Each structure stands twice: as structure tokens, then as C-alpha cells.
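Taking it in order: structure first as C-alpha cells, then the write-up.
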Amino acid sequence: MIAAFRSLLLVGAMTTASAAGAEATRSILSFDDLEGWAADDHGAALSVFLNTCGDLDDPDWRALCGVAQTYEADAARSFFELFFRPVLVEDGQDALFTGYFEPELDGSRTRTDRYKYPIYEMPPEARAEGPWLSRRDILTGDVMTDRGLEIAWVDDPVELFFLQIQGSGRIRLADGGALRVGYGGANGHPYRSIGSELIRQGALGAHQVSAQMIKAWVRKNPEAGAELLFHNPSYVFFREVTRVAPEFGPLGAMNRSVTTMRSIAADPAFTPLGAPVWVEKDGKEPLRRLMIAQDTGAAIKGAQRADIFFGTGDEAGQAAGRLKDPGRMILLLPIQRAYALIPGEF
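Quick look at the structure:
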């Protein structure tokens, strides 16, 4: 899934939210309590909801999915207001919104002088229980040589490192085509933050750490930069994703494409996958929008924690990397399910 590693990005997992399953309080709100609700494009949200609601197993969700298919976009607001109730779930932690994206790299299906850094499939022996070889061992030894495990080659080892952190991406091929790769497994070593290591070395201040700053530092200091990447022993393998056309979004945790600025990653301990979520993101660029929880993430923990999908490519990555804002998120649940939670638990 695309959210598997990305939020561990630079300074380790954010732990602003409580552990999964922690005690939470739930309050039913009215739609009048949702700031900006009337101004949103509910038809766009309904379309994204329909992408995954057919995969929901519970009878009430299945019934709502069937009803949703009978609604046109201009009646979408009525659909949500008629069949759902807003539920504010709180676990004592402040809300935090971050962003994620799908990287886009330049590459080739064959090795050339320019495209010489391989994207590997997972070798069978790496699937054994327990840690396999480290990143350093994989990249400096010959264990992967002449085994036909290369999916493609790219032209930038730094971007390849960050592709592994994101867990999936698109490769623009030199011949004009494109392919998508998804998470295919890992070597079993724990992730170690290169951002934290740069702070420890005094190379960057904590306020400076971002994907862009780390990339710039590694390229400016090639020898030390290569060693810095080895600081993280975790290594991610990929698989080619052929069931999703390159023009659609990457697969989320529901094994369906996520949608730019309409899909979020959330904690399934508090937010059921496939559920609509009203996002009230504050900060420099406030956002009020109905989104669908269609993904998860290793660092996305807590009732008020969400990662917003910004799309594919560099521009999306820059926007996602800047996002770290407070606000509020409100879960939309089927009416009977919502009232059954008060005052009980999931």
C-alpha cells in the first residue's frame, strides 16, 4: 500500500496520536456544525466513495453503496445528509494533517549509461522469517547480480531511495511510456531516519529537515550522502502494478486507486476504511472538504490523524511535504451505526 512507509519519512514516525485501540470519546454532530459543508463539491466526494464502497462487507455499508449508485452528482449532498451522521471521535490528541504523494521518476526497462540504478523485485530468500541482508549488503554486494530481478532502471539513486520510503510510484520511461510499481516486500530491517541522523551530525537543524533539504544535502555531499543513505538498513522491493492504468492514482490500502485531494490515509482503529470523512484543515491554506478514508500508514495513528493524498509527481510532492497543519476531522457514519456508538465503543 502506498502509505506503508511514507510517514516515517525523515525524522521517524510521528507519535502525536494515541495507540491503536486507545479509549476515545464520540459525539454526534449536525451537518450545520461542519464548517464549509454547504460549499463543497459533494458530487466529487460521492464519486470517490463509489470507488471503494462496493468492497465493504457490513450490511449497512453495502446497502448504502447500492443507494449511492442511484444518486446523481447534483444530489450527492442530500445522499450524505439523509443516510449519514457526523461523528467527532477524539482520543485526547491534537489533530494533525500531513500529506503524501506518488513519486514520479525517469527510467527505462533496460539498463543504459544514464539509467543504471535498478528497481528490484523481491528475491525468494528475502521472504524468509527474520532480517535478510541490509541495504549496504544489497547495494554493494553481488547477491542481486544476473538474476533478472530488475523491473526497471532509473537515473537517480536519491530519488530511488525516496521511492522506497513512499512505497510506490510511477516511472516515466525513456521510450515515452510509463509503468507503476508498488510495494513488494522488505528486507526485515527496521527503518532508521536519515533526517534524524543529519540532525545528530549537526548538518541540518530540526527546523530545516524536509525531503527537499535532504536531497539537496546528499547531492551536494556525494560521498557522505551515499554513506548517509546506508544509515537506513531497511530496503524495499517492488512489484510492477499492471491492473491500474498509469493515468489513475496508486493503490491504497483498499486495493483501489486513491484520488488526488479526495482520499486520505487514516487509522482504521478509529476510522473504518471506505468511510467519508469531513476534513477541516487549518493553517496557511485552510481546507474544508469531504474525503474518503481509503488508505492507511505506519505513522497514521489516532482518531484525529490523517494523511491527505496530493497526487503524482514533483509538484504534488512539494505540496505534500509542506503540509503539517492542525484542524479537525469528523467521521460520517451510517445513521444506526452512529447512534449505536453513543456512549459505547467500536
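Residue numbers (the working numbering): 172 to 517. Just so you know, even glycine gets a beta-carbon here, dropped at the ideal spot from N, CA and C. Since we're looking at a predicted model, the values are computed, not measured.
Quick check: the Cα distance between residue i and residue j, rounded to an integer number of angstroms?
i           : j           : result
residue 208 : residue 202 : 7 Å
residue 413 : residue 349 : 11 Å
residue 225 : residue 231 : 12 Å
residue 392 : residue 404 : 20 Å
residue 252 : residue 283 : 56 Å
residue 347 : residue 430 : 24 Å
residue 487 : residue 382 : 13 Å
residue 387 : residue 335 : 18 Å
residue 365 : residue 238 : 48 Å
residue 475 : residue 264 : 7 Å
residue 277 : residue 459 : 35 Å
residue 192 : residue 245 : Note that residue 192 scores a pLDDT of 45, beneath 50, so its modelled location is shaky and nothing firm can be said.
residue 358 : residue 311 : 15 Å
residue 234 : residue 211 : 25 Å
residue 331 : residue 236 : 39 Å
residue 440 : residue 461 : 20 Å
residue 389 : residue 200 : 49 Å
residue 399 : residue 371 : 12 Å
residue 338 : residue 301 : 20 Å
residue 351 : residue 426 : 14 Å
residue 204 : residue 451 : 11 Å
residue 482 : residue 215 : 16 Å
residue 417 : residue 395 : 35 Å
residue 437 : residue 385 : 27 Å
residue 442 : residue 303 : 34 Å
residue 428 : residue 340 : 12 Å
residue 510 : residue 504 : 9 Å
Are the CB atoms of residue j and residue i within a distance shorter than 8 Å?
i           : j           : result
residue 353 : residue 297 : no
residue 323 : residue 309 : no
residue 288 : residue 328 : yes
residue 274 : residue 333 : yes
residue 499 : residue 406 : no
residue 217 : residue 497 : no
residue 292 : residue 259 : no
residue 480 : residue 435 : yes
residue 506 : residue 254 : yes
residue 317 : residue 286 : no
residue 423 : residue 466 : yes
residue 197 : residue 471 : no
residue 223 : residue 478 : no
residue 290 : residue 409 : yes
Looking at the structure shown, is residue i part of a helix, part of a strand, or coil, going by DSSP?
i           : result
residue 126 : Since the first residue shown for the chain is 172 and the last is 517, residue 126 is missing from the structure and cannot be characterised.
residue 285 : coil
residue 277 : strand
residue 421 : coil
residue 447 : strand
residue 302 : coil
residue 223 : helix
residue 192 : Any reading at residue 192 is ruled out, since the residue's pLDDT is 45, under 50, leaving its predicted position unreliable.
residue 214 : helix
residue 462 : strand
residue 393 : helix
residue 501 : strand
residue 130 : Residue 130 lies beyond the residue range present for the chain, which begins at 172 and ends at 517; the question has no answer from this structure.
residue 249 : helix
residue 386 : helix
Thinking residue i and residue j are a contact (beta carbons under 8 Å), I'd like their distance in whole angstroms, please.
i           : j           : result
residue 446 : residue 464 : 5 Å
residue 344 : residue 433 : So it is not a contact: roughly 28 Å between Cβ atoms.
residue 213 : residue 256 : That pair is no contact at about 16 Å.
residue 494 : residue 448 : Contact flag wrong, Cβ pair sits at about 16 Å.
Using DSSP's beta-bridge definition, name the partner residues of residue i.
i           : result
residue 487 : Per DSSP, none; premise fails for residue 487.
residue 357 : 407
residue 324 : 279, 289
residue 495 : 269
residue 333 : None; residue 333 has no bridge partner.
residue 480 : 271
residue 197 : 260
residue 341 : 275, 351
residue 518 : Residue 518 falls outside the range modelled here, since the chain spans only 172 to 517, and no answer is possible.
residue 434 : 463
residue 367 : Residue 367 is not bridged to any residue.
residue 428 : 422
residue 452 : 458, 498
Is residue i near the ligand GDP - that is, is its Cβ less than 7 Å away from at least one heavy atom of it?
i           : result
residue 254 : The model on display carries no ligand, and the ligand GDP is accordingly not part of it.
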